[in-house]
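All remarks here apply to the structure that follows.
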Amino acid sequence: MATVNGVQLHYVIGGKGDPVVLLHGWPETWYGWHKVMPALAKNYTVIAPDLRGLGDSSKPRTGYDGNTAAEDIHQLVAKIGFKTIFLVGHDIGTQVAYSYAAAHPAEVKKLAVMELTIPGFASPGRMPIWWGIFHQVPDVPEALVDGKEMMYLSWFYHNLAFNPSAITEGDMKEYVSHYSSPGGMRAGFEYYRAFPQDAIQNQNYSKTKLTMPVLALGGSYIPALGGNITMPSIIYAMKILAQNVTGITVPISGHFIPEEQPQFLIDQLFKFFRNK
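Under this note's numbering, the first residue of the sequence shown is numbered 4, with each subsequent residue one higher.
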């Protein structure tokens, strides 16, 4: 646990070598990376924090926009003793990772992002997802899902995954135990409520394209969305926001790439990090 930027961040660290920072998405915690961390740790120092408000990190009322959450991570990296990093984001972790890279471009060697439509840069014709709108409504989602966290969150684990068995009953209980804790669901929804603010921040950052190599990944099929929806959108956004972008569709995977296709992701990250 580290106190940074006015919050307490829980993080898991292991391995030895250049630092790789893994930023999880919703509705998950650092544990979303548990299948890829051991392999990465053989060659890198792997740092997987719980984003503010999520997992075992503290739950402030505010600060869920990309810039603030990215500053949490930036200060955490400095406190651990690193400066220049490889940075990886999944889902809302992608927004935080982009904000970090845009704010501190000289400190991010390479950026890997996956499975998020970047706020402010949705591809033309991309329809908003229902939960992206629902979660932005003040107070109502918390009230409706109170006491029903497992029922609600398990819908996402089952319907966004091409391989639902990749997220076990034990995994779901691990996640739900955190989101059902006091303030847990509210904190998760606050990231969605910050999307309009993120969009403004992203538009400002877009005036200067990222120059570090960017790897953008998306699942091949997301049942709840009826296809490969996120990949075209993330490629569309990153080609506006960065100069050097490589896109990869992850075969036989839905939204939860680190859990559904961990070995494929490990292989792609090793290749990406090592390429000159």
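Don't be surprised by glycine CBs; every beta carbon is placed ideally from N, CA and C.
Less than 7 angstroms separating the beta-carbons of L228 and I251?
Looking up residue 228 in the sequence shown gives position 225. Looking up residue 251 in the sequence shown gives position 248. No, the pair does not count as a contact, with Cβ atoms beyond the cut-off.
State yes or no: is the C-beta of A100 within less than 7 angstroms of the C-beta of V116?
For the purposes of this step, residue 100 is taken as the residue at position 97 of the sequence shown. For the purposes of this step, residue 116 is taken as the residue at position 113 of the sequence shown. Yes.
I88: buried (16+ other C-beta within 10 angstroms of its C-beta) or exposed?
Stepping through the sequence shown from its first residue, residue 88 is reached at position 85. The residue is buried, with at least 16 neighbouring Cβ atoms inside 10 Å.
Buried/exposed call for L12, threshold 16 Cβ in 10 Å:
Mapped onto the sequence shown, residue 12 falls at position 9. The residue in question, L12, is buried, as its Cβ has 16 or more Cβ neighbours within 10 Å.
Mind reading off the beta-carbon distance from L114 to M215? Whole number of angstroms is fine, and I expect it under 8 angstroms.
On the sequence shown, residue 114 is found 111 positions in, with the first residue counted as 1. On the sequence shown, residue 215 is found 212 positions in, with the first residue counted as 1. Going by Cβ atoms, the distance from L114 to M215 rounds to 6 angstroms, so yes, they are a contact pair.
So, using beta-carbon positions, are L156 and H258 closer together than 7 angstroms?
Translated into the one-based positions of the sequence shown, residue 156 becomes position 153. Translated into the one-based positions of the sequence shown, residue 258 becomes position 255. No, they are not a contact pair.
Taking the C-alpha atoms as reference points, what is the distance between A109 and Y103?
As a position in the sequence shown, residue 109 is number 106, starting the count at 1. As a position in the sequence shown, residue 103 is number 100, starting the count at 1. Distance from the CA of A109 to the CA of Y103, rounded to the nearest whole angstrom, comes to 11 angstroms.
Inter-residue CB distance, I50 and I95 (contact presumed, cutoff 8 angstroms):
As a working mapping, residue 50 is identified with position 47 in the sequence shown. As a working mapping, residue 95 is identified with position 92 in the sequence shown. 17 angstroms between Cβ atoms; not a contact.
Quickly, what does DSSP pair I225 with across the bridge? List them, please.
Along the sequence shown, one-based indexing puts residue 225 at 222. I225 pairs with G230.
Proximal residues to F192 (C-beta, below 7 angstroms), its chain only, five neighbours per side dropped
The residue given as residue 192 occupies position 189 in the sequence shown. H138, P144 and E145, listed in sequence order.
Under a three-way DSSP split, which group does L25 fall into?
As a position in the sequence shown, residue 25 is number 22, starting the count at 1. Residue state, collapsed to three classes: strand.
Span of the beta strand (DSSP E) holding L90?
Reading the sequence shown from its first residue, position 87 is the one you call residue 90. Under the DSSP assignment, L90 falls in the beta strand (DSSP E) whose first and last residues are I88 to H93.
Beta-carbon spacing of P122, N205 below 7 angstroms
Taking the first residue of the sequence shown as 1, we reach residue 122 at position 119. Taking the first residue of the sequence shown as 1, we reach residue 205 at position 202. Yes, the Cβ-Cβ distance between P122 and N205 is below 7 angstroms.
Presumed contact (8 angstroms Cβ cut-off) between L43 and V23, rounded CB distance
Against the sequence shown, residue 43 aligns to sequence position 40. Against the sequence shown, residue 23 aligns to sequence position 20. At roughly 6 angstroms, the Cβ-Cβ gap stays under 8 angstroms, so L43 and V23 are in contact.
Shortest alpha-carbon distance to I132 belongs to which of L119, L57 and D142?
For the purposes of this step, residue 132 is identified with residue 129 of the sequence shown, where counting begins at 1. Answer by Cα proximity: L119.
Using the C-alpha atoms, what's the distance from R129 back to S60?
Translated into positions along the sequence shown, residue 60 becomes position 57. Translated into positions along the sequence shown, residue 129 becomes position 126. Taking the Cα positions, S60 is about 33 angstroms away from R129.
Start-to-end residues for the beta strand (DSSP E) that takes in M188:
Within the sequence shown, the letter at position 185 stands for residue 188. Looking at the DSSP string, M188 is not in any beta strand (DSSP E); the run it does join, the alpha helix (DSSP H), is G187 to R196.
Please report whether the beta-carbon of T32 lies at a distance below 7 angstroms from any beta-carbon of chain D.
The chain labelled as chain D is not found in the depicted structure, where only one protein chain is given.
If you draw a straight line from the alpha carbon of V10 to that of P63, how long is it in whole angstroms?
Residue mapping note: residue 10 aligns to position 7 of the sequence shown, counting from 1. Residue mapping note: residue 63 aligns to position 60 of the sequence shown, counting from 1. C-alpha separation (whole angstroms): 7 angstroms.
Can you give the Cα-Cα distance for H27 and L79, rounded to whole angstroms?
Walking along the sequence shown from the start, residue 27 turns up at place 24. Walking along the sequence shown from the start, residue 79 turns up at place 76. In this structure, the alpha-carbon of H27 lies about 15 angstroms from that of L79.
How would you label S256, buried or exposed, when you count the other beta carbons within 10 angstroms and need 16 or more for buried?
Counting from 1 along the sequence shown, the entry for residue 256 is found at position 253. S256 is buried by the Cβ-count criterion.
Where does F135 land, buried or exposed, given buried means 16+ other C-beta within 10 angstroms?
Looking up residue 135 in the sequence shown gives position 132. Note that residue 135 is Gly in the sequence shown here, rather than Phe. Exposed, because fewer than 16 other Cβ atoms sit within 10 Å of the Cβ of G135.
Candidates I260, T249, T6 and K274, of which the one nearest A81 by Cα:
The residue labelled residue 81 in the question sits at position 78 within the sequence shown. Considering only alpha carbons, the answer is T6.
Roughly how many whole angstroms lie between the Cα atoms of Y160 and E74?
To locate residue 160, count along the sequence shown from 1; it is residue 157. To locate residue 74, count along the sequence shown from 1; it is residue 71. The straight-line gap from Cα to Cα measures roughly 29 angstroms.
For the beta strand (DSSP E) that contains P52, what are its first and last residues?
Position 49 of the sequence shown, counted from the first residue, corresponds to residue 52. Boundaries of the beta strand (DSSP E) around P52: T48 to P52.
So the candidates are S180, Y224, N166 and M188; which of them puts its Cα closest to the Cα of D149?
What you label residue 149 is simply residue 146 of the sequence shown in a count that begins at 1. With distances taken between Cα atoms, D149 lies closest to M188.
So, helix, strand or coil for M130, using DSSP?
Locating residue 130 in the sequence shown gives position 127, counting from the first residue. DSSP places M130 outside both helix and strand once states are collapsed to three, so it counts as coil.
Using DSSP's beta-bridge definition, name the partner residues of I16.
Within the sequence shown, numbered from 1, the residue matching residue 16 stands at position 13. DSSP, once it has assigned bridges, lists I50 as partnering I16.
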